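K.L.:
Before we start, here is the structure in question, set down as structure tokens.
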Amino acid sequence: EEGGSGMIFPLFPNEHEWPLGLRAVLYLVGLLWTFMGVGIIADMFMGAIETITSSEMITETKTGAKVPVKVWNATVANLTLMALGSSAPEILLNVLEIIGNDYFAGDLGPSTIVGSAAFNLMVIIAVCNLAVAQAGIERKIEITDVYGCTAFFSIFAYIWLVVILKVISPNVVELWEALFTFGFFPLLVGLAWCLDNGYISLGAKKGESHITQIGSSHFHPYEIEKYLADFEAKHGEMTPEQREDMMITALQAKVKPSRAQYRMMATRNMTGGKRIKIPPKVTPKQIEMSSVATNGGGADANLTVVNFKASAYSVLESVGRARVVVTRSSAQGSLQVDYATEGVTANAGEDFVETSGVLTFSPGEEEKEIEVPIIDDDEPEEDEMFIVKLANPRPNARLGAEGMTIVTIIDDDDPGLIGFKDEETHATAQES
């Protein structure tokens, strides 16, 4: 409109006299720049939400075991903070437009929210179905209580909008309608939480909720069923301790990325920032330490045993090099052993330098160090893991139970807190 104005444009008094093509290009660049800025702000917001929803606390089970559990219920987190964070640009746009138009709906705000919801409901669900579908493999949603609840409210939301805007009060949202609409949200969250925790049921199958302990780590049954079957079939010759170490490594490496991580990764792809690496799915075969499965006793009794000094190490990202120590049971004579690194959730070339070689013990040496360069960056990210494996000790030597060690790279780009866990804090005082 000639002589008209919006919240930001026109920037100059005679801007309406400029060529239409030039103005279209400038406005498009401005619009994209604004959306990019909102996306960067939303990225920071999602990072904060990810930190909140991933927090854990220690709880004690009926057997007295202390286990870590999420503070936030996953269903509640997805329906509240995660949904708010992923939809923040649309919500902010609508709020600004409504306030600027004296609480009259504009052409962009409500349409953006409804359009985004429709896109999620139809297009994204269709893409997800295509992504998981494989010929000859049946896939289904096993626990459908929460799914059925959220699916019902997704469809009901559109029906409710039609009722209040076309039937009850055409083209006007009255105060009681707004209050009822807002009230449906806590109703949805409350129902989903009750269904997720088994307080009410829609007749769908409910998964087991008890926790299984493997060594000193605790996991839910659905996390270990597949790995248990694989280890029994493929690693029956291993000792229980070796299978336990491999299973814990595989389960700890099996990190399911959250909706916030996906959202932040997409934003950083567009803005040229560092991508959030979605950890690859790790199978027992990928971390198989074939050289560790050796049997002692008998003819092996006189062999020198080679081990890592510790089964796990932790280093700061800025340390420069991770040093792991290899020991042997006898310092007599020379000995050689091969070693190699392998990424679990850490990526070779991005988080650490892939390292391999031959470690040589001289006569009289009982310990040797392996150095692995650590790559530092300035991006906050999750702690990541890689493993160092030993193989082919020689001559007259064999690997012990600690033929593999796990190295955790601790991100130090954000300030953290240091302290003691309550259950591990003990103090002894003596009066003098």
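Numbers given in this note's numbering equal positions in the sequence shown, counted from 1, plus 456.
Beta carbons are placed, not taken as given, at the ideal position from N, Cα and C, and that holds for glycine.
These numbers come from a predicted model, not from an experiment.
1) Let me know the secondary structure DSSP gives Phe560 once reduced to three states.
2) Could you check the C-alpha separation between Leu476 and Ser567 for me, to the nearest Å?
3) Sorted by chain position, which residues of the same chain lie with C-beta nearer than 8 Å to Ala589's C-beta, five sequence neighbours on each side aside?
4) When DSSP labels each residue in this structure, what does Ser625 get in the three-state scheme?
5) Apply the 10 Å Cβ neighbour rule to Glu546 and answer buried if 16 or more other Cβ atoms are within range, or exposed otherwise.
6) Can you name the residues that DSSP bridges to Gly813?
7) Would you give the residue range spanned by the beta strand (DSSP E) that Pro849 belongs to?
8) Under DSSP, the alpha helix (DSSP H) around Leu635 begins and ends at which residues?
9) Please say whether Ile826 and Val780 have beta carbons closer to each other than 7 Å?
10) For Leu791, which of Asn848, Phe609, Lys622 has the nearest alpha-carbon?
11) Would you mind working out which of Phe640, Lys845, Ala766, Ile597 sits nearest Leu617, comparing C-alpha positions?
12) Measuring CB to CB, does Val793 end up less than 7 Å from Val762?
13) With DSSP collapsed to three states, give me the class of Tyr769.
14) Enumerate in chain order the residues of its own chain whose CB-to-CB distance from Ala804 is below 6 Å, with the five nearest sequence positions on each side excluded.
15) According to DSSP, is Ile862 part of a helix, a strand, or is it coil?
16) Provide the residue(s) that pair with Pro545 in DSSP beta bridges, ordered along the chain.
17) To which residues of the same chain is Val527 closer than 6 Å at the C-beta, ignoring the five residues directly before and after it?
18) Going by the DSSP bridge assignment, what does Ala853 pair with across the sheet?
19) So what does DSSP say about Lys737, is it helix, strand or coil?
20) Name the DSSP bridge partner or partners of Thr801?
21) According to DSSP, is Thr466 helix, strand or coil?
22) Can the beta-carbon of Ile862 be found closer than 7 Å to that of Ala778?
23) Bridge partners of Val775, per DSSP?
24) Please report the residue range of the alpha helix (DSSP H) in which Thr509 lies.
25) Enumerate, from N- to C-terminal direction, the unbroken alpha helix (DSSP H) stretches of 4 or more residues contained entirely within the segment 559-623.
26) By DSSP's criteria, Met538 is part of a beta bridge. Which residues make up the other side?
27) For Ala544, which residues of its own chain have a beta-carbon under 7 Å away from its beta-carbon, when the five flanking residues on both sides are left out?
28) Could you work out which residue in Val771, Asp601, Thr797 is closest to Ile866 when comparing CA atoms only?
29) Per the DSSP calculation, Val828 is bridged to which residue(s)?
P.N.:
The structure says:
1) coil
2) 26 Å
3) Arg595
4) coil
5) buried
6) Tyr795
7) 840-850
8) 631-652
9) yes
10) Asn848
11) Phe640
12) yes
13) strand
14) Glu810
15) strand
16) Paired residue(s): none; Pro545 is not in a bridge.
17) Ser511, Met513
18) Thr760
19) With a pLDDT of 42 at Lys737, under the threshold of 50, the modelled position of this residue cannot be trusted, and the question is left open.
20) Answer is none; Thr801 lacks a bridge partner.
21) Before going further, note that residue 466 is Pro rather than Thr in the sequence given. Three-state result, Pro466: coil.
22) no
23) For Val775, which the question treats as bridged, DSSP gives no partner whatsoever.
24) 476-509
25) 565-575, 581-588, 601-618
26) None; Met538 has no bridge partner.
27) Ala498, Phe501
28) Val771
29) Ala778
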